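Trainee: Attaching a single structure in structure tokens format; questions to follow.
If you want it as structure tokens, here you go:
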């Protein structure tokens with residue numbers, strides 16, 4: 004029987020990298036940032052800004068050892084300019100990241116500013132492809 | 072094979088990429104993605120999905136969330152990216168033209 008190979012959760016890999024890199028930045032747009040894979044509660048009366056959510060749009064493997072996934076990073080902020088700035092910062096930090104948990108990121112789309120259709124809050128998002136290292140069981 | 076040269080027939084390749092057969096295959100994929108992209112917001116708004124066929128240097132197709140909330144829906148729910156993945160397509164950035 005050949006080796007059993009699987010890949011990590013792209014959302015957790017991205018979340019952990021963002022938490023680590025944002026913790027050391029002094030950019031004003033990132034002050035007090037929360038990074039999570041969990042959705043933001045639209046009914047929360049005490050909304051904290053900024054809030055960054057990492058989601059995945061699909062995972063792929065084209066060989067036993069080559070895994071990729073598309074991740075979306077959503078940024079809620081108190082105004083559109085700060086949200087766009089923080090989204091651009093998050094994208095830049097991920098594109099330059101080096102970690103045993105990834106083989107790197109490549110850009111797909113964005114950052115694109117919009118408005119949360121449920122709450123009306125400024126929302127910016129972008130997408131990346133993350134290449135994942137194989138894990139042998 | 073030593074000494075053999077391979078010469079690409081660029082006009083011929085372009086002709087194939089714009090052919091009716093390729094356009095038909097693209098239309099099929101476009102329809103497959105569109106059929107998987109339905110979404111209704113938490114407020115009950117049904118997001119209409121439209122498709123378009125066009126030609127650049129090759130046959131191409133587009134799937135569009137034709138609603139002002141479309142971008143927010145794509146951000147929060149990844150409707151188009153998820154529909155493409157479930158149709159067997161991988162979302163990538165378009166390479167810059169050579």
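Chains as they are written, first to last, in the working numbering: chain A, 4 to 140; chain B, 72 to 169. Glycine included, each C-beta is placed from N, C-alpha and C at the ideal position. The structure displayed is predicted, hence computed values, not measured ones.
1. Is the beta carbon of residue 70(A) less than 7 Å from the beta carbon of residue 135(A)?
2. For the 8 Å Cβ check, are there 3 or more pairs between the stretch 96-107 of chain B and the stretch 117-124 of chain A?
3. Between residue 113(B) and chain A, is any beta-carbon pair separated by less than 7 Å?
4. Is DSSP giving residue 94(A) helix, strand or coil here?
5. Would you say residue 1(A) lies against chain B (beta-carbon separation less than 7 Å)?
6. Pull up the distance between the alpha-carbon of residue 104(A) and that of residue 15(A), whole angstroms please.
7. Pull the bridge partners of residue 71(B) from the DSSP assignment, please.
8. With a threshold of 16 other CB atoms inside 10 Å of the CB of residue 76(B), please say whether the residue is buried or exposed.
9. Identify every residue that forms a DSSP beta bridge with residue 104(A).
10. Whose Cβ in chain B lies nearer than 7 Å to the Cβ of residue 58(A)?
11. Would you tell me roughly how many angstroms separate the C-alpha atoms of residue 253(B) and residue 152(B), rounded to the nearest one?
12. Find the residues of chain B that neighbour residue 138(A), judging by a C-beta separation of less than 9 Å, and give them in chain order.
13. Among the candidates 132(A), 58(A), 37(A), 123(A), whose CA atom is the shortest distance from the CA of residue 109(A)?
14. In the DSSP output, which residue or residues are listed as bridge partners for residue 110(A)?
15. Give me the Cβ distance between residue 130(A) and residue 88(A), rounded to the nearest whole Å; I'm assuming they're in contact under 8 Å.
16. Compute the beta-carbon to beta-carbon distance between residue 164(B) and residue 111(A), rounded to the nearest angstrom, for a pair I have assumed lies under 8 Å.
17. What are the residues in the stretch 10-29 of chain A lying within 7 Å of chain B by C-beta distance?
18. Going by beta carbon distance, what residues of the same chain come within less than 7 Å of residue 126(B), once the five residues before and after it are set aside?
19. What are the residues in the stretch 138-163 of chain B lying within 7 Å of chain A by C-beta distance?
20. Is residue 108(A) close to chain B, meaning its C-beta is less than 7 Å from at least one C-beta of that chain?
Mentor: Concretely, from the data shown:
1. Yes. Within cutoff.
2. These segments do not touch.
3. At a cut-off of 7 Å between beta carbons, residue 113(B) contacts chain A.
4. Residue 94(A) falls in the helix class under three-state DSSP.
5. In the structure as shown, chain A begins at 4 and stops at 140. Residue 1(A) is therefore absent and cannot be evaluated.
6. Taking the straight line joining both Cα atoms gives about 10 Å.
7. A query on residue 71(B) cannot be resolved here, the shown segment of chain B reaching from 72 to 169 and no further.
8. Per the 10 Å Cβ criterion, exposed.
9. DSSP, once it has assigned bridges, lists no residue as partnering residue 104(A).
10. Per Cβ cutoff of 7 Å: 149.
11. Nothing about residue 253(B) can be reported from this structure: the residues present for chain B run from 72 to 169 only.
12. One finds nothing in chain B with a Cβ atom closer than 9 Å to the Cβ of residue 138(A); even the nearest lies about 21 Å away.
13. Of all alpha-carbon atoms in 132(A), 58(A), 37(A), 123(A), the one lying nearest the alpha-carbon of residue 109(A) is that of 132(A).
14. According to DSSP, which records beta bridges pairwise, residue 110(A) is partnered with 131(A).
15. That pair is no contact at about 18 Å.
16. Right, their Cβ atoms sit about 5 Å apart.
17. Residues passing the 7 Å Cβ filter: none.
18. Cβ neighbours of residue 126(B) beyond the five flanking positions: 89.
19. Listed by position along the chain: 140, 142, 143, 144, 146, 147, 149, 152, 153, 156, 161, 162, 163.
20. Answer no: the Cβ-Cβ gap between residue 108(A) and chain B never drops below 7 Å.
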